[in-house]
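A.B. asks:
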Amino acid sequence: MCLGVGSQAMLWKSLAASSSLEFLNVNQYVNLFLWCAAVALTILIASIYALKVLFYFEAVRREFYHPVRVNFFFAPWIACLFLAIGLPPQIATNIPQVLWFVLMAPILGLEIKIYGQWMSGGERRLSKVANPSNHLAVVGNFVGALLGAKMGLVEGPMFFFAVGVAHYTVLFVTLYQRLPTNETLPKDLHPVFFLFIAAPSVACTTWAQISGEFGLASRIPYFISMFLYASLAVRVNFFRGFRFSLAWWAYTFPMAGAAMATIRYTVEVDNMFTKTLATFLFIISSFTVSALLICTILNAFVFGNLFPNDIAIAIADRKSKSKKRSPRLIRIDVEACEPPVILQTSS
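For what it's worth, the numbering used here labels the leading residue of the sequence shown as 10, then goes sequentially.
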């Protein structure tokens with residue numbers, strides 16, 4: 010939810026600043042409202058999870074070792090990056106560079122651990138645990154590089170962009186192969202497949218910010234994201250047949266990323282088609298967030314069924330290691346074991 014609302018704040022900010030879409034007359038105060046809502050939502054969810062860490066630390070520890078849930082440890086830091094990028098100009102125009110280092114330090118620490126496990130982790134190697142939620146472990150590189158480039162940093166954004174490209178390529182190929190050893194997502198989590206769109210759509214915007222133009226290196230990931238968007242959008246049956254859950258919020262951030270990338274693309278290729286496409290993706294993204302927000306409120310406060318798929322990614326108790334029984338030393342009475350003496354009687 011934090012990523013969905015935060016990405017909307019970024020989307021409306023970029024839309025208001027776009028010279029090619031001035032005909033939409035977007036009010037900058039929409040960005041301010043969404044940003045404040047995203048801040049409030051982030052603080053609320055962070056507080057709830059802090060209580061979970063305090064009272065149910067064992068559950069949090071098990072989440073860290075779960076092949077799906079571990080990727081969501083990146084989400085709080087990505088949400089904070091969204092808030093920094095989508096900061097309304099009415100509040101501030103310049104952000105201290107130290108904030109970038111504070112936000113990227115935990116992301117780097119998580120990546121060193123998780124990427125190392127992907128490469129040499131035995132049961133946690135990528136070919137074993139690969140699933141679409143792993144994109145959250147990659148997209149933080151591009152979002153962080155985008156913020157750093159906006160702040161005027163050079164080497165740091167380039168470092169994270171390079172790390173993101175390398176590991177996204179490996180992850181993309183691994184997921185496309187659908188190896189028999191891959192972690193299989195239950196049907197309730199199929200919306201997470203939309204995260205395929207997130208990394209390339211943010212990567213193209215990031216490189217455009219770093220290089221100063223939406224050139225060839227930006228257009229390649231942009232066209233990849235558009236193709237993935239279309240290929241997923243037409244698979245209607247793949248994304249229906251299951252009840253609403255918080256997993257549906259996985260649609261929001263990738264849609265907003267694709268819309269922002271298209272808005273940036275219209276600056277370089279300004280024609281009726283690109284403007285129509287950018288407007289269409291923007292409307293779809295905003296409508297999706299609005300619909301999901303209404304569904305979330307209804308399921309939370311009216312139907313009381315906000316977590317119907319929690320069993321799908323439940324964490325099983327770890328089996329306690331079987332204790333090896335120490336061999337018993339049995340005292341043997343030698344005299345008692347002597348063979349009986351058979352007395353033969355004469356006939």
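Note that beta-carbon positions come from the ideal geometry of N, C-alpha and C, so glycine has one too.
(1) What are the complete alpha helix (DSSP H) segments, minimum 4 residues, inside the segment 33-114?
(2) Does the distance from the CB of residue 98 to the CB of residue 17 come in under 9 Å?
(3) Checking 9 Å against the spacing of the C-beta atoms, do residue 11 and residue 59 come in under that value?
(4) Assuming residue 15 and residue 83 make a contact with CB atoms under 8 Å, what is their CB distance in whole Å?
(5) Taking 9 Å as the threshold (C-beta atoms), are residue 203 and residue 274 in contact?
(6) Can the beta-carbon of residue 155 be found closer than 9 Å to that of residue 106?
(7) With a Cβ-Cβ cutoff of 9 Å, do residue 276 and residue 27 count as a contact?
(8) Is the segment 288-296 close to the segment 261-269, with three or more CB pairs under 8 Å?
(9) At a cut of 8 Å, does the segment 60-72 reach the segment 125-132 through at least three beta carbon pairs?
(10) Where residue 111 and residue 103 are concerned, what is the direct C-alpha to C-alpha distance, given to the nearest angstrom?
(11) Provide the residue span of the alpha helix (DSSP H) that contains residue 22, from first to last.
(12) Where does residue 22 land, buried or exposed, given buried means 16+ other C-beta within 10 angstroms?
(13) Among the residues of its own chain, which have a CB less than 7 Å from the CB of residue 29, if the five just before and after it don't count?
(14) When burial is assigned at 16 or more other CB atoms within 10 Å of the CB, is residue 303 buried or exposed?
(15) Compute the distance between the beta-carbons of residue 170 and residue 151, then report whether it is under 9 Å.
C.D. replies: Well, looking at it:
(1) Fully enclosed alpha helix (DSSP H) runs of 4 or longer: 37-64, 66-73 and 84-94.
(2) For the 9 Å CB-CB criterion, residue 98 and residue 17 do not form a contact.
(3) The answer is no: Cβ separation not under 9 Å.
(4) Rounded, the Cβ-Cβ distance is 14 Å, inconsistent with contact.
(5) No. Outside cutoff.
(6) Between residue 155 and residue 106, the C-beta spacing is not below 9 Å.
(7) In this structure, residue 27 lies closer than 9 Å to residue 276 by Cβ.
(8) The segment 288-296 vs the segment 261-269: in contact.
(9) These segments do not touch.
(10) Annotation: residue 111 to residue 103 spans about 16 Å, alpha carbon to alpha carbon.
(11) First-last of the alpha helix (DSSP H) with residue 22: 11-26.
(12) So residue 22 counts as buried.
(13) Correct list, in chain order: 275, 276, 279 and 284.
(14) Residue 303 is exposed by the Cβ-count criterion.
(15) Contact check for residue 170 against residue 151 passes: the beta carbons are separated by less than 9 Å.
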